[in-house]
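J.: Be aware that the sequence shown starts at 78, since it is given in the working numbering, and climbs by one per residue. Cβ coordinates follow ideal geometry from the N, Cα and C atoms, glycine included. Predicted, not measured: the structure shown is a model, and the values here were computed from it.
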Amino acid sequence: KKLLEFTNNAYRSRLFVSYILNTTTSISFLWRTFKGFLSENTVKKINFCDGSTAKQLFDHTHPSQVERKFGGQLPDIAKDFFPFK
Numbered sequence: 078k079k080l081l082e083f084t085n086n087a088y089r090s091r092l093f094v095s096y097i098l099n100t101t102t103s104i105s106f107l108w109r110t111f112k113g114f115l116s117e118n119t120v121k122k123i124n125f126c127d128g129s130t131a132k133q134l135f136d137h138t139h140p141s142q143v144e145r146k147f148g149g150q151l152p153d154i155a156k157d158f159f160p161f162k
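Okay, here's the thing in structure tokens:
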């Protein structure tokens, strides 16, 4: 809890919004557990989206910046993205 309080205070106002797509159930479970320790403002900034497209994502970014597999217009990046090319 102290670590979460520190990061919440030290990095306040750094994140505008975050969209997390296609998560596993274990990650969703961990989020439900940890969000109780975060401020309400921080919780509102983190959005978990079921399905392959987050409609609200396009309120903050242009479809040309999002891969097709997530509902955008950018060609999909190859599966083996590491090591970086």
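Pairing CB atoms from the segment 112–120 with CB atoms from the segment 142–159, are three or more of them under 8 Å?
T.: Result no; under three Cβ-Cβ pairs closer than 8 Å.
J.: For A131, count neighbouring Cβ atoms within 10 angstroms of its own Cβ and tell me buried if that reaches 16, exposed if not.
T.: Per the 10 Å Cβ criterion, buried.
J.: Cutting at 7 Å between CB atoms, please list the residues of its own chain near P140, excluding the five before and the five after it.
T.: Result list for P140: G149 and Q150, in chain order.
J.: Sort R89, N124 and K112 by Cα distance to T100 and report the nearest one.
T.: Here the closest residue by C-alpha is N124.
J.: Buried or exposed for V143, please, with buried defined as at least 16 other CB atoms from any protein chain shown within 10 angstroms of its CB.
T.: That one is buried.
J.: Run through DSSP, which three-state label would L151 get?
T.: Reduced to three states, the DSSP call for L151 is strand.
J.: Do V94 and K112 have their C-beta atoms within less than 7 Å of each other?
T.: Contact flag unset, no.
J.: May I have the straight-line CA-CA distance separating A87 from D153, to the nearest angstrom?
T.: Using only the alpha carbons, I get a separation of about 35 Å.
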